[in-house]
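*Asks:*
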Amino acid sequence: MSDESRDAAPELSRYLRSAREVVAREALARGEVTPQGTSTHADATPQGVDATPRGSSATPQGTDTPQVPAPGTAGPRPSPFRDAEDVRTWFAANRDRLLATLREADPGTAADLLADAWPVVPRDTDDAWCRRLYDVGVGLAAVLPESLPLAAALRRGAETLRARGSHRLAVALGVFELAIHRRRDDDPDATAANLADLAATYRAQGLLHEVADCLDEALETYLRHDHPAGVARTLADLGAVLLEAGRLDAALDHLVRADRAFDEAPDPVRHAACRALLGRAWARSGDQAAADRAFNRALGALIGLDDGEARRVRDLVTRLRSLPREEPDEQEPDEQGDLDQPDPEQDPRQQP
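Following full-length UniProt numbering, the numbering of the sequence shown begins with 1 at its first residue and continues without gaps.
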């Protein structure tokens, strides 16, 4: 690593972490859900809201670039950014420096910096630059095959790319992260969380069979680690996806197994939601008596509970009971442009 990159990495990290706090705060103020306490991009905007940059000054105190106070300053370090517009301006001025530092830094430093960088990439950043940032993560995956900091960076990259509609690149980063968890095989919840995020990308493409495959691997992971709560949750989730995909027999099988599994790992609200879905599956099969029993058992599991989750499950029972028996149409996968195609030699799905 050059002296310049060695000096730049800590400074860039400070700026990026401050930027993450700013964009997360603004996203929360807009009522958006932010993964891992961050927004997936620096100017996250709900659909239908004008995302035109506001007319505020570009940087605090009229400087060209927000300045981080020097080390040794008394008291908490103030943020160099007032809002997401400041973040956008700083990012535009420093993005090439960031890429150069990532490429020259040692792998561990680069992984930490990459994890800080992805969540603050503005939505209007060009695809070619995002592809170069993607390539940094792919390169690190080859030299840090068991790195949890890199796994976090890959997750945040997948989240950001998914928000941009770059689904195939997001899938590739999700699979690279999965390779880390498979190799370590020491935390079934971490593996399942990765698979859930990967499934979210497949769902964004309308690929329910891939969503089911992710949940199936999560189920195998929990079974291998003898994790009853994870088994019950994942059986229910998989049953719900199979029901959505119209695979009624498989959905019934998994939901019945989930109903029994929750007896070994009590979770009243999740168990009630599982029974509600089981009721819907029985109704679609034509067995209304079994459906009514499942719906009534779902409501019975919630007796004495009155928090928000319990109320939502009661509403779910009411809604599912009112649905007709017709099966929904499967969604069609959306189309992607050429830029959104990972290189075959980099895509882990192409590896033997």
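Where a beta carbon is used, it is the ideal one built from N, C-alpha and C, also for glycine. Given the structure is predicted, the values throughout are model-derived calculations rather than measurements.
I think Leu173 touches Gly230, with their Cβ atoms under 8 Å apart; what is that distance to the nearest whole Å?
*Replies:* Gly230 and Leu173 do not touch by the CB rule: their CB atoms are close to 24 Å apart, not below 8 Å.
*Asks:* Which residue wins for smallest C-alpha separation from Ala290, given the options Leu278, Ala301 and Leu299?
*Replies:* Leu278
*Asks:* With a cut-off of 8 Å on the beta carbons, I'd call Ala236 and Leu255 a contact; round off their distance for me.
*Replies:* 7 Å
*Asks:* Count the other CB atoms, across all protein chains shown, that sit within 10 Å of the CB of Gln205; report buried if there are 16 or more and exposed otherwise.
*Replies:* buried
*Asks:* Measure from the alpha carbon of Asp124 to the alpha carbon of each residue in Thr201, Ala258 and Gly165, then state which is nearest.
*Replies:* Gly165
*Asks:* Relative to the alpha-carbon of Leu12, which residue among Asp83, Asp96 and Leu28 has its alpha-carbon at the smallest distance?
*Replies:* Asp96
*Asks:* Quick check: what's the CA-CA separation for Ala115 versus Leu98?
*Replies:* 12 Å
*Asks:* Quick check on Glu21: does DSSP put it in helix, strand or coil?
*Replies:* Correct three-state label for Glu21: helix.
*Asks:* Start and end of the alpha helix (DSSP H) containing His209?
*Replies:* If you look at His209, you'll find it in the alpha helix (DSSP H) that goes Leu208 to Arg224.
*Asks:* Among Ile180, Ala93 and Asn296, whose alpha-carbon lies nearest the alpha-carbon of Ala152?
*Replies:* Ile180
*Asks:* Determine the direct distance from the alpha carbon of Asn296 to that of Gly239, and round the result to whole angstroms.
*Replies:* 19 Å
*Asks:* So Leu320 and Ala272 are supposed to be a Cβ contact under 8 Å. How far apart are they, rounded?
*Replies:* The Cβ separation is near 12 Å, so there is no contact.
*Asks:* Between the beta-carbon of Ala141 and the beta-carbon of Glu159, is there less than 9 Å?
*Replies:* With contacts defined as CB atoms closer than 9 Å, Ala141 and Glu159 fail to qualify as a contacting pair.
*Asks:* If you drop the 5 nearest sequence neighbours on each side, which residues of the same chain put their C-beta closer than 7 Å to that of Ala9?
*Replies:* Thr101, Ala105, Thr109 and Leu113
*Asks:* Hey, how far is the Cα of Arg132 from the Cα of Glu177?
*Replies:* 18 Å
*Asks:* Would you please state the rounded distance, in angstroms, between the beta carbons of Ala298 and Arg312? I believe it to be under 8 Å.
*Replies:* Their Cβ separation, rounded to whole angstroms, is 12 Å, which puts Ala298 and Arg312 out of contact at 8 Å.
*Asks:* Applying the criterion that 16 or more other CB atoms from any shown protein chain within 10 Å of the CB defines a buried residue, is Ser197 buried or exposed?
*Replies:* Checking the displayed sequence, the identity of residue 197 turns out to be Asp instead of Ser. A residue is called buried when at least 16 other Cβ atoms come within 10 angstroms of its Cβ; Asp197 meets this threshold and is buried.
*Asks:* With Tyr15 and Pro80 assumed to form a contact (beta carbons below 8 Å), what rounded beta-carbon distance in angstroms separates them?
*Replies:* 6 Å
*Asks:* Using the rule of at least 16 other Cβ atoms within 10 Å of the residue's Cβ for burial, across every protein chain shown, is Thr201 buried or exposed?
*Replies:* buried
*Asks:* By a C-beta neighbour count over all protein chains shown, 10 Å radius and 16 as the cutoff for buried, is Asp7 buried or exposed?
*Replies:* exposed
*Asks:* For Asp86, count neighbouring C-beta atoms within 10 Å of its own C-beta (all shown protein chains included) and say buried if the count is 16 or more, exposed if not.
*Replies:* buried
*Asks:* What are the complete beta strand (DSSP E) segments, minimum 3 residues, inside the segment 104–165?
*Replies:* none
*Asks:* Quick check: the Cα distance between Pro328 and Ala19, rounded to an integer number of angstroms?
*Replies:* Confidence in Pro328 is poor, its pLDDT being 46 and thus under 50, which makes the residue's placement too unreliable to answer from.
*Asks:* What residue does the alpha helix (DSSP H) around Glu32 start on, and which one ends it?
*Replies:* No alpha helix (DSSP H) holds Glu32; DSSP gives it neither H nor E.
*Asks:* What's the call for Arg183, buried or exposed, on a 16-neighbour Cβ count within 10 Å?
*Replies:* exposed
*Asks:* Tell me which residues share the same chain as Leu248 and place their Cβ nearer than 7 Å to its Cβ, disregarding the 5 neighbours each side in the sequence.
*Replies:* Ala281, Arg284 and Ser285
*Asks:* Measure the C-alpha to C-alpha separation of Pro188 and Asn194 and round it to an integer number of angstroms.
*Replies:* Looking at the two C-alpha atoms, the distance is approximately 10 Å.
*Asks:* Quick one: what's got a C-beta closer than 6 Å to Pro78's C-beta in the same chain, skipping five residues either side?
*Replies:* none
*Asks:* Using a 10 Å radius around the Cβ and a threshold of 16 neighbouring Cβ atoms, would you call Arg325 buried or exposed?
*Replies:* exposed
*Asks:* Roughly how many angstroms separate the alpha carbons of Ala93 and Ala24, rounded to a whole number?
*Replies:* Those two C-alpha atoms are separated by around 21 Å.
*Asks:* When burial is assigned at 16 or more other CB atoms within 10 Å of the CB, is Asp126 buried or exposed?
*Replies:* Exposed, by the Cβ-count rule.
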